[in-house]
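Heads up, the thing below is written out as structure tokens.
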Amino acid sequence: MQADQVIKQNSQSRRASARYFGYMIILFMAFIVAFLPLGAHATQTRAVLIIRNDPGGPLETRIKEIKNLRATHTQVRITHGYCNSACTLYLGLRNTCVSRDVSFGFHGPMSQFYGLALPPDAFEYWSGVMAAHYPASIRAWYLSDARYTTVGLRQLSGRELIKRGVRECH
1 MQADQVIKQN SQSRRASARY FGYMIILFMA FIVAFLPLGA HATQTRAVLI
51 IRNDPGGPLE TRIKEIKNLR ATHTQVRITH GYCNSACTLY LGLRNTCVSR
101 DVSFGFHGPM SQFYGLALPP DAFEYWSGVM AAHYPASIRA WYLSDARYTT
151 VGLRQLSGRE LIKRGVRECH
């Protein structure tokens, strides 16, 4: 009788273990099914930065921001008003698009003291830094023309930039 009870208990124990194992497999599969779509969706969703009426700002600050945007694959949409000075550096990001009616204001590197020109070597260096953040077609124009504007801005419309190969926002 005792042997029969031990066999019966072992049999019940094995069934309980098998049931527990089955529940764990079901729970694991449910977890995968429940969270897989979220993970897949999250990898497809990217951050979007919308630029409107941006006057620019310190070059070093904007370059750091652009490095971060590039690393995070953030889409940049320049859609309304104006984008001047350091704001124009967004144009070199792969995920940037512009609207036709936005006004873009370019200028060359300037001293922090208004009206005081940079020494020639500093002017060349900072011109190169800025130009490196533009697409090739804008870079060539900037280096041959806009960088020599140190008082005021050299204006281009989004429409003109689109003709030069910058992606249009839709």
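Those letters in the sequence shown? Residues 1 to 170, by the working numbering.
C-beta atoms are modelled at their ideal positions from N, C-alpha and C, and glycine is treated no differently.
Computed from a predicted structure; not experimentally measured.
CA-to-CA distance, residue j to residue i, given in whole angstroms
| i | j | result |
| --- | --- | --- |
| Thr74 | Ala47 | 5 angstroms |
| Asn84 | Pro55 | 5 angstroms |
| Trp126 | His170 | 33 angstroms |
| Gly152 | Gly57 | 15 angstroms |
| His133 | Gly115 | 25 angstroms |
| Ser99 | Pro109 | 26 angstroms |
| Asp101 | Leu161 | 10 angstroms |
| Cys97 | Thr72 | 16 angstroms |
| Arg52 | Ser111 | 26 angstroms |
| Tyr142 | Phe106 | 8 angstroms |
| Ala117 | Thr150 | 8 angstroms |
| Phe104 | Phe113 | 23 angstroms |
| Ala131 | His80 | 23 angstroms |
| Thr43 | Phe123 | Here the model assigns Thr43 a pLDDT of 38, short of 50, so the residue's position is not dependable, and the following value carries that caveat. Distance between the alpha carbons of Thr43 and Phe123: 42 angstroms. |
| Ala86 | Lys64 | 12 angstroms |
| Leu156 | Pro119 | 27 angstroms |
| Arg62 | Val76 | 13 angstroms |
| Arg154 | Asp121 | 22 angstroms |
| Tyr148 | Glu168 | 27 angstroms |
8 angstroms contact criterion, which residue i and residue j should meet: CB distance rounded
| i | j | result |
| --- | --- | --- |
| Ile66 | Tyr82 | Incorrect: roughly 18 angstroms between the Cβ atoms, too far for contact. |
Best match in the options for proximity to residue i [C-alpha to C-alpha]
| i | options | result |
| --- | --- | --- |
| Ile50 | Ile78, Ile63 and Lys64 | Ile78 |
| Arg164 | Glu124, Phe104 and Pro135 | Pro135 |
| Leu69 | Asn95, Gly158, Pro119 and Ala146 | Asn95 |
| Gly158 | Ile63, Thr88 and Leu59 | Thr88 |
| Val166 | Ala86, Thr61, Arg139 and Ser144 | Arg139 |
| Gly92 | Ser137, Gln155, Ala122 and Glu124 | Ser137 |
| Glu60 | Pro119, Val129, Val76 and Leu156 | Val129 |
Just to confirm the assignment: which complete alpha helix (DSSP H) runs, minimum length 4, are found wholly within the region 86–137? 120–131
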